[in-house]
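Heads up: the sequence shown runs through residues 561 to 839, numbered per this note's numbering. Note that the Cβ used here is the ideal one computed from N, Cα and C, for glycine as well. Only a predicted model underlies this, so the values are computations on that prediction, with no experimental measurement involved. For reference, the structure discussed in these notes is given below.
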Amino acid sequence: MPSLFASYLRVYEPLTAFDRDRQSYWRRYVNEGRAVAPLDGPVRQRTAVIEALGAGWTRLPDLPEEAYVLEADDALLVCPWNLRIRVAEAALSARDGVPPVLADAFVPPVLAGQAKAVVEDWRSGARVLEHGVPRVHEQIATWGVPLRWFVLFDPQERHLVTEPERRALRYRTEISKARRRSSRALSVLRKSVGEAPITEAVEEAARWLEEFHPRSVVELDYGGLVQLLPDETLAADDSTELVAAGLAGLSRGEAEEASAAYDKLVARWRAVQLLERCN
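Pasting the structure below:
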């Protein structure tokens, strides 16, 4: 599981986006008061995975079905954790690019086989025929916020809390707005820089959003990163504005303006990433 010094991009879907069984399950889940707050979720996820794995990676564990829940306009929206599939994907990615001897020592072949079967079943087969194309509702980035995530939000959608024990910084928007913003950003990037890595990254985010119900809500949560930054830095953080300024500069053909905004943004988040080496 990732470091708790991480940021999160989440999609909350209305109950109508789920099949009948899932709708019933999530209603009971909420009515029983089991929903977990985003502030507590990362620690809860990590604890659940570590306890389920036991002393080592010897099997793919069964993990609880939990979710973040959001009420908006009298509607209930759910962001499932999908922990089992995320652990399976983590097990497989841990073996990528590693010599077989080391890979087998870190992620035993039996576990790797179980993880591959779970991922393949998740992406295809009977499960898809019965429940439709699966959706992973939460993306995680450690020691920073991917620049492409800022494209999806407007500065006015920011919410900052600096109270002790409740410090948080997040953005929330309707998925229709996030889709329009990513579409506009893609158009600008394709015309100005072509098929560059940043263009591909924004395109990937846009494709991900297309998987979800049109009445969903998208959330960018700074998560544990707020513990690394003082209140003054959080209050002055204008990353979303800088992304917008860079895209506006590119659309007008003002490369220097775009470059200045990009350089400032990269320098800011590189300073956060460098904290990992001090940890």
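Secondary structure of P640 (DSSP, three-state): strand. Per DSSP, S567 lies in no alpha helix (DSSP H); the unbroken beta strand (DSSP E) holding it starts and ends at 566–574. DSSP places D656 in the coil class of the three-state scheme, outside both helix and strand. The region 623–640 makes no contact with the region 747–759: fewer than 3 CB pairs, one atom from each, lie closer than 8 Å. The three-state secondary structure of Y782, taken from DSSP, is coil.
Excluding five sequence positions before and after V705, the CB atoms of its chain that fall closer than 6 Å to its own CB belong to S567, given in chain order. Look at T800 here: in three-state DSSP terms it is helix. Between V778 and T733, the C-beta spacing is below 8 Å. A815 carries a helical assignment under DSSP once its states are collapsed to helix, strand and coil.
According to DSSP, I700 shares a beta bridge with Y568. DSSP assignment within the region 701–767 yields the following whole alpha helix (DSSP H) runs of 4 residues or more, N-terminal first: 707–710, 735–752. The beta-bridge partner set that DSSP reports for Y628 consists of C639.
By the neighbour-count criterion, in which a residue is buried when 16 or more other Cβ atoms sit within 10 angstroms of its Cβ, S799 is buried. When C-alpha distances from L720 are compared across G784, R655, D791, the shortest belongs to D791. In this structure, Y731 keeps its C-beta atom at 8 Å or more from the C-beta atom of L637. C-alpha of P602 to C-alpha of G784: approximately 9 Å in a straight line.
Contact between P715 and E817 is ruled out by a C-beta separation of about 18 Å, above the 8 Å threshold. A direct Cα-Cα distance of roughly 40 Å separates T793 from V667.
Apart from sequence neighbours up to five positions away, the residues of its chain that approach I735 with a beta-carbon distance below 8 Å are V571, L769, F772, H773, P774, R775, S776, V777, V778, ordered along the chain.
V667 carries a coil assignment under DSSP once its states are collapsed to helix, strand and coil. Within its own chain, the residues whose Cβ lies closer than 6 Å to the Cβ of F710, once the five positions on either side in sequence are excluded, are S799, T800, V803, listed in chain order. Around the C-beta of P640, 16 or more other C-beta atoms lie within 10 Å, and the residue is accordingly described as buried. Short of 6 Å from the beta carbon of L810, and not among the five residues preceding or following it, lie these beta carbons of its own chain, in chain order: V748, S752, A818. Taking the C-beta atoms as reference points, A738 is found no nearer than 8 Å to V762. Apart from the 5 residues on each side of it in sequence, K824 sits with its Cβ closer than 7 Å to the Cβ of L802 in its chain, given in chain order. Residue burial annotation: R708 is buried, with at least 16 other C-beta atoms found within 10 angstroms of its C-beta.
In the three-state reduction of the DSSP assignment, V603 falls in the helix class, which pools H, G and I.
In terms of CA proximity to Q674, D622 leads the group D622, R588, E698.
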